[in-house]
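Here it is in structure tokens:
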């Protein structure tokens, strides 16, 4: 009986440790820098200020990359559509050539299939061109320069 309790505590501790490591901002930062390699890049987060016209904001601190901060604007519509996301959780913006990748919780990585079309999106229920919202300036060591 005591042996089973110790094994259970050990497994729970391992799961907790893994969840803390994967959910840390360093995990997302590592994934972004691994994909970018030597290319200039920056990371955009969904803007939680619903009164702002800009759907994304530039990451300015490493702790913003923790899983608890990766949220998407959720909008409710009447009818069968129900809730839908107005933005992606986070966007990895790569330069040279310009490329956008969406953070996927399912893949635990940035993927090439953005949930929301990057060239056109929805802001306050109206379609707009997201190219006018380029708040980040890609650099080769973007995450390394963050406080």
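Residue numbers (this note's numbering): 1151 to 1297.
Think of the CB as a built atom: it goes at the ideal place given N, C-alpha and C, for glycine as much as any other residue.
All of these numbers come straight from a predicted model, not from anything done at the bench.
Of the residues 1247, 1249, 1246 and 1242, which one's Cα is nearest the Cα of residue 1260? Across the set 1247, 1249, 1246 and 1242, the C-alpha of 1242 shows the shortest separation from the C-alpha of residue 1260.
Just to confirm the assignment, what range does the beta strand (DSSP E) spanning residue 1178 have? Per DSSP, residue 1178 belongs to no beta strand (DSSP E); it is in the alpha helix (DSSP H), 1175 to 1186.
In three-state terms, what does DSSP make of residue 1286? Residue 1286 falls in the coil class under three-state DSSP.
Mind checking which residues open and close the beta strand (DSSP E) that includes residue 1209? Boundaries cannot be given for residue 1209, as no beta strand (DSSP E) includes it and DSSP labels it neither H nor E.
So, under 8 Å CB-CB, residue 1174 and residue 1204 are touching, yes? Tell me the CB distance rounded to an integer number of Å. Actually they are not in contact, since the Cβ atoms of residue 1174 and residue 1204 sit about 27 Å apart, beyond 8 Å.
From 1250, 1254, 1249 and 1213, residue whose alpha carbon lies closest to that of residue 1297: The closest CA to that of residue 1297, considering only 1250, 1254, 1249 and 1213, is found on 1213.
Can you pull the DSSP bridge partners for residue 1192? Paired residues: 1243.
Distance, residue 1195 Cα to residue 1180 Cα: Approximately 16 Å between the Cα atoms of the pair.
Contacting residues, own chain, Cβ-Cβ under 6 Å from residue 1152 (five flanking each side not counted): Non-local beta-carbon contacts of residue 1152 in its own chain, meaning distances under 6 Å to residues more than five positions away in sequence, are absent.
Is it buried or exposed, residue 1138, if we count other Cβ atoms within 10 angstroms and call 16 or more buried? Residue 1138 lies beyond the residue range present for the chain, which begins at 1151 and ends at 1297; the question has no answer from this structure.
Determine the burial state of residue 1193: buried for a count of at least 16 other Cβ atoms within 10 Å of its Cβ, exposed for fewer. Burial check for residue 1193: the Cβ neighbour count within 10 Å reaches 16 or more, so the residue is buried.
If you draw a straight line from the alpha carbon of residue 1206 to that of residue 1287, how long is it in whole angstroms? For residue 1206 and residue 1287, the distance between alpha carbons rounds to 13 Å.
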